[in-house]
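Count along the sequence shown starting at 1, add 21, and that's the number in the working numbering. Structure first, then comments.
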Amino acid sequence: MKTPKQALNPAFLKQKPDRKEIELFKQEFISLLDKINDTESEEFHKNLIIDFLNSVYYKNNHYINTYGRTDLVIHNEKDTKSPVGVLIEVKKPTNKSEMISKENLNAKAFQELVLYYLRERKANKNLELRYLIITNINEWFIFDAQDFKKLFYDDKKFVDLFEQFQNKRSDDSSTNHFYKEIASPQIEKVKDQIPYTHFDIRDYDKIMRNKDKEDDRKLIALYKFLSPIHLLKLSFAKDYNELNKEFYAELLHILGLEEVKEKSQKFIVRKSQGKRDNGSIIENAINELDAMDKLSMLSNIKQYGNTYEDQLYNVALDLSITWVNRVLFLKLLEAQIIKYHDGNKKYSFLSTDKIEGYDDLNSLFFQILARKEDERRDGNLKEKFSHVPYLNSSLFEPTELEGYTIAISGLQDKAKIELYSKSVLKIKGQVDKRLTPLEYLLKFLDAYDFSSESSEDIQEEDKALISASVLGLIFEKINGYKDGSFFTPSFVTMFMCRDTITRTVIQKFNETKGWECKTIIDLHNKISDIKEANEIFNSIRLCDPAVGSGHFLVSSLNEMIYLKSELGILTDREGKLLRGYKISVENDELIVSDNEYGIFKYNPHHHESQRVQETLFHEKQTIIENCLFGVDLNPNSVKICQLRLWIELLKHTYYITKTNRLETLPNIDINIKCGNSLISRFGLDENLKPILRGLNISISEYKEAVNNYRNAHNKQDKKRLEQFIKEIKTNLKTEISKNDKNSKSLFKAKKELSDLTAPDLFERTPKEKKALQKKIDLAQKAVGKYSAIIEEIKNNKIFQNAFEWRIEFPEVLNEDGDFIGFDAIIGNPPYIQLQSMGEITDIYKKMEFETFERTGDIYCLFYELGNNILRQNYFLSFITSNKWMRAGYGESMRRYFVEQTNPVLLIDFAGIKVFDEATVDVNIMTFQKANNQHNTESCLIKGFNSDTMKLSDYLNQFSIISSFSEKSVSSFVILSDIEKRIKEKIEKVGIPLKNWDIQINYGIKTGFNEAFIINGEKKAELVAKSSKNAEIIRPILRGRDIKRYGYEFADLWLICT
């Protein structure tokens, strides 16, 4: 038996209800309590329930009424034609003989409910039942329809008996016979297995009527339990990371950006000329950069664009993202500190009364947050920001770009900006005029609630919540679309991370300990040494080679904490287990609750609460520092990923007991690096042993320097270590370059030329001179050739972004400097056609990828790269376009999977739309770096709804085993055994399209679909104007319209001119 609080999804429980919602609930609940009358009929009490549920939640959205012989039902939608979602059996308060109790479930009310369930599920074929309820209006018993399915519907003998009764084939077709002879024995058999939720509304009477608002928190669970979100299993947030479009649009406006749609894709761009506002952050920065001629200070200016205007914009965008990153991080910090002090607003510091201009903001960044409390020099600032902690984060150190160009204090304070047309400030009636951009930004942010990491609380102010995940999504959108990447929904990242990390953890323990565990439960039962188990777990190295905003790394972090808890090895810093707490991941958020399933809330004055908070902080720190790595080509994405990981630590930062100061943040930025993952000068098999000996450097020293950098607590130490690490990498690159095959060939050619041109002791004959000259010419040509190659690599701007996997992460090198590889590779690499990428495509070809096809896609190269940097016997999981499964360009990819990997999981989403902003069909491929075992769990997704079902549950029901072998190189098709036999028959008797006697022509590619492809309405209009138009208008099918066994015509037509 569960309480309402225990039955709720913890992530839903965490979401704050509004004060006005709770007040309405209380008002209607008191009215319900007051109207209960023991002498009245069952019908009377049914109406009370209908009135209560409609008044608080269901009216206009979900129809509630009687239904056949069922006392009450709640429909999934607002009309009677929609499927029934909830069945309710109502008894009057005095009918004790038929009402169930905690001691006796096998009473008539339950027997009736079983009958109504079977009629609805079996006879009416309703697959959308969510819950079943029995109530006498005081006591409520709630059962999950999934449990009824397992205990009743899936029992074939019992269902056969029901069908005999239903079809009047049994000796007695009375309902009494069903209750006593069919339902009752089955209930008796399974009664100890029936889970349910129970509450008594009388227990809430005093709380409802008292005036103590603090007591109202005790009502949150019940309020949410009876809501449509819970009882109808609706999405309480389609995705906890779902974009707040209003916040996003207004933030873009303040920055000076806008979202535009080109074809089917959205891009973030600078506002068009007529819409620009000099007060916006980007325009303000552009004006200052231009006026002060700051671009002339940048030696690498070409990386910001080819034209002066492009360079101005991209430098301003880079600076603006840095500044806004800091402000948003501080907004989360401010909300956290205020929450730790019970909502005391004196701890607020991002307000217009404390920050009057950009100079104040700059001072907050560098004179307060970047300095320890006792090192702050300015007395006024020190007093004004006395509650702001020192963070030790490189986020609050001037960037190199700021040093060469402008700090935020260089912006004009007095420039004004027009309010966004749908501004939250207008809606709230706070402001209706032009504001200075900083005042606008601060007031805008203050109109939202950033304290999303809450326990059970009521939203007292009318403010929308903005989570850390939403901020990550916003910046992913700002940076990602030009790179061909898309934000991955949480149901996908959660599944991929849990599945892949679980496989990795099991493999790591088996490999280290010589075990043969198959599941996490097996591991849990094997582990005896908790300290050793943590050391093994913390040795896992996971990388996302196209990290974007860091969504996969954040998901991985949460899953690793969860798995430690499941293994029973989650301990505090003294090694004491964190007992009595439930750790879960819901909607991509880490949820911590105590044994009573109350959401954990940090209280710095409570010893046990302090211990839990410290444990969560330092476990996150350990995993981020030791286990999580990422690379991205876009420097702004790298900044945002670093910010996301800092935010994850910020969620569990704590006050140090002795000093009453917040724990500082480690320098985790060193794990997230900028570069082109696909391009490198040095092979992974380069021998570093002689180079390390020659340089007198050990890998241990390199690793130690990196570790010391993470934990450096002052700027001087950080700079010194940064320089030392840079020198190690520079020296390694220099020495490896000398051993490069081109360098060796150049050295050999130069030596040969030197030998050939050395003075002779004796005069040569004309014939000998001619032969010598021929050799000299060849040697000179070789010198010129290899010199040109080396110079091209040195000077080619593409190679400036090369990422050297061989040396960048010492964590995946052994003591001899050999590249061992990562234990897990997870991500969502970009989808870009290689032929559209210009000169860099030729560089990718030179990298000698086996999967390179000029007509192919860049994600294929990421699969191969991932396998190359993966440790033997470990796992990669990517979500990518599924075109490689059947397209011509995918043949080399399919061959690579078959010959070079062991595919363990393939999920094809086919026509299911996974990304909100993209029409691309996708798949999840997980493979092991091992010999192909031809045993791939495969699933073709059909009719999946992530709101009501977990992807893992869908797989358990519908996946099959496929054997992808040499025969599969022509195409990867997920078919059951029956479907395979049908396919083989068709292929045996059918004629392939290429062998038909028809001509297939390729027309002119205009690249202007908007002009030449029209809908049916426009076609009818053109034909009405002239019947001759019909001769040049032809129906068209796009790739997405072609389905597996037919097509879906989208009523689109091509003008054939």
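Even glycine gets a Cβ: it sits at the ideal position worked out from N, Cα and C.
According to the neighbour-count rule (16 or more other Cβ atoms, all chains shown, within 10 Å of its Cβ), is residue i buried or exposed?
{"i": "residue 653", "result": "buried"}
{"i": "residue 1045", "result": "exposed"}
{"i": "residue 31", "result": "buried"}
{"i": "residue 569", "result": "buried"}
{"i": "residue 400", "result": "exposed"}
{"i": "residue 41", "result": "exposed"}
{"i": "residue 528", "result": "buried"}
{"i": "residue 1014", "result": "exposed"}
{"i": "residue 22", "result": "exposed"}
{"i": "residue 229", "result": "buried"}
{"i": "residue 748", "result": "exposed"}
{"i": "residue 148", "result": "exposed"}
{"i": "residue 688", "result": "buried"}
Given this structure, state the Cα-to-Cα distance separating residue i from residue j, to the nearest angstrom.
{"i": "residue 683", "j": "residue 410", "result": "6 Å"}
{"i": "residue 1144", "j": "residue 996", "result": "Since the first residue shown for the chain is 22 and the last is 1078, residue 1144 is missing from the structure and cannot be characterised."}
{"i": "residue 548", "j": "residue 519", "result": "20 Å"}
{"i": "residue 294", "j": "residue 482", "result": "38 Å"}
{"i": "residue 855", "j": "residue 809", "result": "26 Å"}
{"i": "residue 966", "j": "residue 151", "result": "14 Å"}
{"i": "residue 526", "j": "residue 989", "result": "30 Å"}
{"i": "residue 206", "j": "residue 91", "result": "22 Å"}
{"i": "residue 468", "j": "residue 735", "result": "35 Å"}
{"i": "residue 305", "j": "residue 299", "result": "6 Å"}
{"i": "residue 634", "j": "residue 356", "result": "17 Å"}
{"i": "residue 447", "j": "residue 39", "result": "21 Å"}
{"i": "residue 388", "j": "residue 896", "result": "46 Å"}
{"i": "residue 342", "j": "residue 657", "result": "7 Å"}
{"i": "residue 746", "j": "residue 727", "result": "7 Å"}
{"i": "residue 847", "j": "residue 1035", "result": "41 Å"}
{"i": "residue 224", "j": "residue 236", "result": "13 Å"}
{"i": "residue 597", "j": "residue 553", "result": "14 Å"}
{"i": "residue 623", "j": "residue 676", "result": "10 Å"}
What are the partner residues of residue i, as DSSP defines its beta bridges?
{"i": "residue 831", "result": "Beta-bridge pairing links residue 831 to no other residue."}
{"i": "residue 899", "result": "848, 946"}
{"i": "residue 291", "result": "278"}
{"i": "residue 1017", "result": "Answer is none; residue 1017 lacks a bridge partner."}
{"i": "residue 164", "result": "153"}
Less than 8 Å between the C-beta atoms of residue i and residue j, yes or no?
{"i": "residue 1043", "j": "residue 1057", "result": "no"}
{"i": "residue 84", "j": "residue 100", "result": "yes"}
{"i": "residue 876", "j": "residue 913", "result": "no"}
{"i": "residue 183", "j": "residue 212", "result": "no"}
{"i": "residue 828", "j": "residue 713", "result": "no"}
{"i": "residue 111", "j": "residue 60", "result": "no"}
{"i": "residue 962", "j": "residue 933", "result": "yes"}
{"i": "residue 700", "j": "residue 864", "result": "yes"}
{"i": "residue 698", "j": "residue 608", "result": "no"}
{"i": "residue 945", "j": "residue 926", "result": "yes"}
{"i": "residue 544", "j": "residue 588", "result": "yes"}
{"i": "residue 662", "j": "residue 574", "result": "yes"}
{"i": "residue 955", "j": "residue 973", "result": "no"}
For the beta strand (DSSP E) holding residue i, just list the boundary residues, first then last.
{"i": "residue 603", "result": "602–607"}
{"i": "residue 1055", "result": "1054–1056"}
{"i": "residue 960", "result": "957–961"}
{"i": "residue 610", "result": "610–615"}
The alpha helix (DSSP H) spanning residue i covers which residue range?
{"i": "residue 424", "result": "421–425"}
{"i": "residue 637", "result": "628–648"}
{"i": "residue 78", "result": "Looking at the DSSP string, residue 78 is not in any alpha helix (DSSP H), and its letter there is neither H nor E."}
{"i": "residue 114", "result": "Premise fails: residue 114 is in no alpha helix (DSSP H) and is neither H nor E."}
{"i": "residue 751", "result": "736–759"}
{"i": "residue 350", "result": "329–361"}
{"i": "residue 678", "result": "Where residue 678 is concerned, there is no enclosing alpha helix (DSSP H), given that its DSSP letter is neither H nor E."}
Quick one: is the Cβ of residue i within less than 7 Å of any heavy atom of the ligand MG?
{"i": "residue 1062", "result": "Although the ligand MG was asked about, the structure shown includes no ligands whatsoever."}
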